[in-house]
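Following: one structure in structure tokens, then a few remarks.
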Amino acid sequence: MKKLVAIIGVLAVLFVGGIAFLATFDINRLGKEHLYVQIGEPHHLEETKLNSGEIDTRYWYELPAYDKDGKQTMTSFSAAKKLKVDGYLKLYTKKSGSVTSYDGVTWGEIPRQAQDKLKSAN
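Using the working numbering, the first residue of the sequence shown is number 54, and each one after it goes up by one.
Shown next, in the form of structure tokens:
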């Protein structure tokens, strides 16, 4: 009987841990390459009328991005809201170059060689 209670307890802990992991895990960031950009003005807006009648607005950005070694790549991505101009983002990209996700970062979180390129680009 004690073994059964222990097994059920272990399974419950694993189940709760698995749910917590899935709730915080973002597959769009797993195994992706990182690029760093300084946010500028949106390149263009894309408005879509939803079935409910609401208008969905996407802000599209086309910006030079730099990897940890300072190599430049032109990148395009969208956001559901207008991003803060002159802020910095860490982009998560597939090998094909498409952006799957992004995070806001501080200047200190950007690798030194990417910082040098971002400074000289302004």
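Glycine residues also receive a C-beta, built at the ideal position from the N, C-alpha and C atoms.
Bear in mind that the values here come from a model prediction, so they are computed numbers and not experimental data.
Residue i: first and last residue of the uninterrupted alpha helix (DSSP H) it sits in
i, result
"K170", "165-174"
Limits of the unbroken beta strand (DSSP E) element including residue i
i, result
"V90", "86-91"
"M127", "125-132"
"S154", "152-158"
"H96", "Note, H96: premise wrong, no beta strand (DSSP E); not H, not E."
"D109", "108-119"
"K143", "141-146"
Residue i burial status per 10 Å Cβ neighbour count (16 or more: buried)
i, result
"F130", "buried"
"L64", "exposed"
"V58", "exposed"
Spatial distance of residue i from residue j (CA atoms)
i, j, result
"K134", "G71", "32 Å"
"I163", "A73", "29 Å"
"R48", "L103", "This structure does not reach residue 48, given that the chain is present from 54 up to 175, and the question cannot be answered."
"D169", "G62", "53 Å"
Under 8 Å between C-beta atoms of residue i and residue j
i, j, result
"V138", "I92", "yes"
"T159", "T153", "no"
"L136", "H87", "no"
"L171", "G157", "no"
"A174", "P95", "no"
"T128", "V69", "no"
"T126", "G150", "yes"
Quick test of the definition: if touching needs 3 or more C-beta pairs under 8 Å, does the stretch 99-107 touch the stretch 117-125? no
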